[in-house]
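*Asks:* Mind looking over this structure? Questions follow.
2 protein chains.
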Amino acid sequence: MNPYQAPLAEMKFLLEKVFDAPQTWASLPEIAENVDLDTAVAIMDEADKISRELIHPINRSGDEQGVTHQDAKVITPDGFKEVYSQYAEGGWVGFCGDPEFGGMGMPKMLGVLVDEMAYSACNSFTLYGSLTAGAALCINAHGSDALKEKYLPMMYSGEWAGAMDMTEPQAGSDLRNIRTKATPNDDGSYSITGSKIFITGGDHDLTENVIHLVLAKLPDTSGISLFLVPKIKVDDEGNLGEANGVTVGSIEHKMGLKASATCVMNYDGAQGYLIGKPNRGLVCMFTMMNYERLAIGIQGLGTSQAAYQMASDYAKERVQGVAAGGSPTGATSDPILVHGDVRRMLLNIRVLTEAGRALSVLTGQQLDIAKYGDGEAQAKANRYVGLLTPVSKAFLSDRGLDAAVTAQQVFGGHGYIRETGIEQLVRDTRIAQIYEGTNGIQAIDFLGRKVTGDNLAALTEFVAECSEKLASLSQVDENQKAKVQALFDELIEVAQLVNDKKLSNPAIINACAVDFLDAFGHVVYGYFWLLMSDAASADVDSDFASQKRYLSDFYITKMLPRAKYHLTQVREGESAIMDIPEAFF
Amino acid sequence: MNPYQAPLAEMKFLLEKVFDAPQTWASLPEIAENVDLDTAVAIMDEADKISRELIHPINRSGDEQGVTHQDAKVITPDGFKEVYSQYAEGGWVGFCGDPEFGGMGMPKMLGVLVDEMAYSACNSFTLYGSLTAGAALCINAHGSDALKEKYLPMMYSGEWAGAMDMTEPQAGSDLRNIRTKATPNDDGSYSITGSKIFITGGDHDLTENVIHLVLAKLPDTSGISLFLVPKIKVDDEGNLGEANGVTVGSIEHKMGLKASATCVMNYDGAQGYLIGKPNRGLVCMFTMMNYERLAIGIQGLGTSQAAYQMASDYAKERVQGVAAGGSPTGATSDPILVHGDVRRMLLNIRVLTEAGRALSVLTGQQLDIAKYGDGEAQAKANRYVGLLTPVSKAFLSDRGLDAAVTAQQVFGGHGYIRETGIEQLVRDTRIAQIYEGTNGIQAIDFLGRKVTGDNLAALTEFVAECSEKLASLSQVDENQKAKVQALFDELIEVAQLVNDKKLSNPAIINACAVDFLDAFGHVVYGYFWLLMSDAASADVDSDFASQKRYLSDFYITKMLPRAKYHLTQVREGESAIMDIPEAFF
């Protein structure tokens, strides 16, 4: 049994048939010169090969061995350095990076699929490159030309890594309270002093240098600024010089993700360079954070796909009991796939994973239009990116844990044993619901800023576009279309209720945000399923079309009603949550 | 901060006010001579002290150190042997055991609360005693007088431990396929040969002997019989003799529960003694299994309580952000308990845990009446035990994982760090959904045997009694009563739909069982909340009554609608699950 096989047919189907990547790319000259559908397919084949043959083999051993901190050095598990080196040489770190500085200039719409494969293969490994790509994106968007020229080529090539340094012990979700200080030097640089915790890839032995993006405060201000702080100083010719006062205090011992170095970082007068304007650090950092938020959603998606494959393979091989109405083959024991409850679990994972992939491709597409498009198309894409990013992060990572836990259940007792590997998926993916802003924070961003912040303008626009598309589908059941449309309508109605109450009852946002995001996710997934089923039906007699019809029916019948439950929760409002005196907790 | 405090007031309230333990006990002479409410309260005080001061301190260190297998010996972590010795000396292993053989003869209605405290303190530790008590219960129910006299006193005293040996690599949920053989010896004993896997407490250094209850097949039969097989032989005077051909092949490396020894056991002509009749081993083993199933539900419940306490303490201490609408104290940063989403998470855990405790006490009460009562009261209690056992096992352990994961989310990034301890709860409690029959198996037992097996007789009887009680409540909102009653009615209606289809569509049981069990659990919890709110209102102005009203309102408003969702799932039936061809998975 091959342990991981990328769902290449699914991926191509989404690009070609569901979201019409060829048309999108043709409309964006900077993308069109780099890629077309055939190239994309060839790239995905290669990404599958690398994920399966290069990355996946170090997944289990990396978990068992973990990262160590010895003699002030952070050591990754055996094989990580060699694999990272090959991965970087293949250009994967700079896959969506700016070609002007050595990136491959690939669209994010394709990048999300490549990322999914890598996360399916190994959560821990893939983070190192993801943070590097995110840091590079931020430097490219907000850094000076000098910084870009000095750092980006080395980051896109994977020779240097990147990290994002925000959290301090007293400042997690609330960054106002950070204490790291930045003092101006005579040469225009800054001296950075302070401590950061939970820094993913804060230090390691994969690369010669680690480029930190550090939030710190300038003297006499409560504003937060962003600084580029290399672990090793870089001279004007780009050569590595002396150490820069950046040291690792310790590494965290975590539930999972044991091959990913999570560091306490200490800055002792380290030389840093301002990125963007003073006191505008959070705005700049959000460029990286939004990138990482989507990436972390894809961590959950990649986990879901890996979990499905493992559980589905096991359910076909493991023989136990007979089918309810008697064995279909007359055997005394059947594969457990005959049992309704096992099928139910597998289908739950499957339909949420496939719709999740549609969400990630759509979000990637909107990121591409926002970056490379112009005019109203670009402006609209920016609004959609704002709307979809917190949903991608939270809904995909929540479903990632659900998928891993459900798949583990399919394995029965064997799922609890480390050697089986499925429990590692549970431990590794659990963090995705927490870091880069907890999923509660994502939901509050979604409902508080993205949905009600503009009085439902972006949401209404997005839903109207979905509704129009839905109405145009000719190959799916009208009754199912009506069900999804009714829930879209109710979603807007409930959002309006919240919007009407947000000033008189400001606690409603925080108290109802998670349910609202979950409602949105489940309705949009219903829409995606009908889109996919319709698109597949072009070749109506194919197994592929038939599969999509069955799965779409399952989703609409069995999963879509969850949207209704979550909408009920939002309708009930905040009082049952907020009225209880604090002393009663 | 004290890390664990048993909710003693809650426990006493359930015994005294909600389920009227004094009246139940007074009606059962064998219980009445051992315990009254005052004694029960004193016992709970002591159990709290032991759980908090003795057991809880070895919880984290036990997880870090784990069990080891060295030189054919299984070694528990530091402190486990000493703590177990004190725990056994206190009589806790034989707490509900038969006084004729040295047990304390305490009611299970009290035992479930004592068990909950121990599981809250340490999942791994508590399993050793729980399996011993379960094995003793089975020997007492089905063993010969000679076996009882020889083994039970040493097991109730905790000097010897017990284990349950069922699973083999090819025989997990489906025990028909076990291969372990039992050959008759001339002296009336049997020679047992074979291998068992996943044996909790299969061997360890806590006790001098381990008494295994082993499922095996007699020659020339496909029937399964049950045998008592001691690790060390015991002579007629009760002295330990030579080794009995029982060895440990290896110990499992698991996701959690690392201080609990999970063993591969090998039997090589080991001397065993038949328990019960030949080929009736599963019936006998079910005595132990049902006991353990409730115990494992209580593992989930104990985890939920511990998770709530940890998360609630953290939410009061951790300062981050300000309340929506401004800080209530005018501070620049508030404890995160002010945030609606944090409150929502805590309340979710809280209301499910308190109702879960009611379920465990009710199940314990019915077990006591079934064991010590007579006539129709006993027969009815037996029916209720049949109904409630799979629900207690599955619903409490599912809520245990939910609680631990939700509490971990409250901790943010700190929840992913091992030192914080909350991630251990997630890892430790995850197995409770799997072992002693997966929760899918529990649900199938519930819907297939307990609900539809008697054409809804027991369910209808139970619901009618709940409805009558519900109608009699005078201190709760009539509208809330009507909501719960309507869901009880719908539950019966949906059960009838399944019952009507079970012959024509046999797959419906397996495919819809989990949703049906979840629907039942959520409706019954609504009923428990109204019972509790009503019972608390006797002292209407008290904080206790006020708390119960708020929590009950939260449950009815925010959690009860889940029952509706699950009922919808059952109504939709099995076709969306079963129609999909196997090749499409």
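These protein sequences, in sequence, are chains A and B.
Following full-length UniProt numbering, the numbering of the first sequence begins with 1 at its first residue and continues without gaps.
Following full-length UniProt numbering, the numbering of the second sequence begins with 1 at its first residue and continues without gaps.
Glycine is no exception: its CB is placed at the ideal position from the N, C-alpha and C atoms.
Source: prediction; values computed, not measured.
Using a beta-carbon distance below 7 Å, is B/Phe-585 in contact with chain A?
*Replies:* Yes, its Cβ sits closer than 7 Å to a Cβ of chain A.
*Asks:* Would you list the one or two residues that DSSP bridges to B/Ser-195?
*Replies:* Note: B/Ser-195 sits in a beta bridge opposite B/Asn-266.
*Asks:* Take B/Met-578 and list the residues in its own chain whose beta-carbon comes closer than 7 Å to its own, dropping the five residues that flank it on each side.
*Replies:* Around B/Met-578: Ala-507, Ala-511.
*Asks:* Going by CA-CA distance only, name the one from A/Ser-575, A/Lys-564, A/Met-265 that's closest to B/Phe-554.
*Replies:* Nearest of A/Ser-575, A/Lys-564, A/Met-265 to B/Phe-554, Cα basis: A/Ser-575.
*Asks:* Tell me the rounded alpha-carbon separation between A/Val-514 and A/Ala-331.
*Replies:* About 47 Å.
*Asks:* Pick from A/Asp-98, A/Met-117, A/Asp-71, A/Ala-355: whose alpha carbon is nearest that of A/Lys-49?
*Replies:* Nearest of A/Asp-98, A/Met-117, A/Asp-71, A/Ala-355 to A/Lys-49, Cα basis: A/Met-117.
*Asks:* Report yes if the C-beta distance between B/Asp-205 and B/Thr-76 is below 7 Å; otherwise report no.
*Replies:* Yes, the pair counts as a contact, with Cβ atoms nearer than the cut-off.
*Asks:* So what does DSSP say about B/Met-532, is it helix, strand or coil?
*Replies:* Helix at B/Met-532.
*Asks:* Taking beta-carbon pairs under 9 Å, can you tell me which members of the stretch 164–183 of chain B lie near chain A?
*Replies:* Flagged, chain order: Thr-167, Gln-170, Ala-171, Gly-172, Ser-173, Asp-174, Arg-176, Asn-177.
*Asks:* If you check the beta carbons only, do A/Cys-138 and A/Leu-213 fall under 7 Å apart?
*Replies:* It is a contact, given that the beta carbons lie within the stated cut-off.
*Asks:* Quick one: is B/Thr-438 near chain A, going by C-beta distance under 7 Å?
*Replies:* With 7 Å as the cut-off, B/Thr-438 counts as an interface residue toward chain A.
*Asks:* Quick check: the Cα distance between A/Leu-530 and A/Gln-424, rounded to an integer number of angstroms?
*Replies:* Going from the Cα of A/Leu-530 to the Cα of A/Gln-424 covers about 33 Å.
*Asks:* Tell me the DSSP secondary structure of A/His-212 in three-state form.
*Replies:* A/His-212 falls in the strand class under three-state DSSP.
*Asks:* For the stretch 480–507 of chain B, which residues have a CB atom closer than 8 Å to at least one CB atom of chain A, in sequence order?
*Replies:* Answer set for the stretch 480–507 of chain B: Pro-506, Ala-507.
*Asks:* For a contact defined as C-beta to C-beta under 7 Å, what are the partners of B/Glu-252 on chain A?
*Replies:* Residues of chain A passing the Cβ test: Ile-417.
*Asks:* Of all the alpha helix (DSSP H) runs that stay within the bounds of the stretch 448–522 of chain A, which reach a length of 4 or more residues?
*Replies:* Correct list: 457–472, 478–501.
*Asks:* So which residues on chain A does B/Ser-312 lean against when the C-beta distance must stay under 7 Å?
*Replies:* Simply Phe-585.
*Asks:* Exposed or buried, what is B/Asp-38 when buried is set at 16 or more other beta-carbons lying within 10 Å of its beta-carbon?
*Replies:* Exposed, by the Cβ-count rule.
*Asks:* Are the beta-carbon atoms belonging to A/Ile-509 and A/Leu-447 less than 7 Å from one another?
*Replies:* Yes, they are a contact pair.
*Asks:* Below 7 Å between beta carbons is the criterion; list the residues of the stretch 329–342 of chain A that meet it against any residue of chain B, in chain order.
*Replies:* Listed by position along the chain: Ser-333, Leu-337, His-339, Gly-340, Asp-341.
*Asks:* Which residues bound the alpha helix (DSSP H) around A/Thr-132?
*Replies:* Per DSSP, A/Thr-132 belongs to the alpha helix (DSSP H) from 123–142.
*Asks:* What are the start and end residues of the alpha helix (DSSP H) that includes B/Trp-25?
*Replies:* Unbroken alpha helix (DSSP H) run through B/Trp-25: 21–26.
*Asks:* Within a Cβ cutoff of 7 Å, which residues of the same chain sit near B/Met-1, ignoring the five residues on either side of it in sequence?
*Replies:* The predicted model places B/Met-1 with a pLDDT of 40, which falls under 50 and marks its position as unreliable; any figure quoted below should be read in that light. Hits under 7 Å: Asp-313.
*Asks:* In the DSSP assignment, what are the bridge partners of B/Val-246?
*Replies:* B/Val-246 pairs with B/Tyr-267.
*Asks:* State buried or exposed for B/Ser-474, treating a residue as buried only when at least 16 other CB atoms are found within 10 Å of its CB.
*Replies:* B/Ser-474 is exposed by the Cβ-count criterion.
*Asks:* With H, G and I counted as helix, E and B as strand and the rest as coil, what does DSSP make of B/Ile-178?
*Replies:* In the structure shown, B/Ile-178 sits in coil (DSSP, three-state: anything other than H, G, I, E or B).
*Asks:* What did DSSP end up calling A/Tyr-4 once you bin it into helix, strand or coil?
*Replies:* Coil, per DSSP.
*Asks:* Is it the case that the Cβ atoms of A/Gly-245 and A/Ile-211 are separated by a distance below 7 Å?
*Replies:* No. Outside cutoff.
*Asks:* Exposed or buried, what is A/Ala-306 when buried is set at 16 or more other beta-carbons lying within 10 Å of its beta-carbon?
*Replies:* It is buried - the Cβ of A/Ala-306 has at least 16 other Cβ atoms within 10 Å.
*Asks:* Quick one: give me the first and last residue of the alpha helix (DSSP H) that B/His-566 is part of.
*Replies:* Counting along the chain, the alpha helix (DSSP H) containing B/His-566 begins and ends at 561–571.
*Asks:* A/Glu-423 versus chain B: which residues are under 7 Å apart at the beta carbon?
*Replies:* Simply Met-255.
*Asks:* Which two residues bound the contiguous alpha helix (DSSP H) that contains A/Phe-544?
*Replies:* Residues 543–554.
*Asks:* Between the alpha carbons of B/Val-283 and A/Ala-535, how many angstroms are there, rounded?
*Replies:* Distance between the alpha carbons of B/Val-283 and A/Ala-535 is about 54 Å.
*Asks:* Please name the residue or residues paired with B/Ile-75 in a DSSP beta bridge.
*Replies:* B/Ile-75 is bridged to B/Thr-68.
*Asks:* In chain B, which residues lie with their C-beta within 9 Å of the C-beta of A/Asn-59?
*Replies:* Going along chain B, no residue has its Cβ under 9 Å from A/Asn-59, so there is no contact; the nearest lies around 16 Å.
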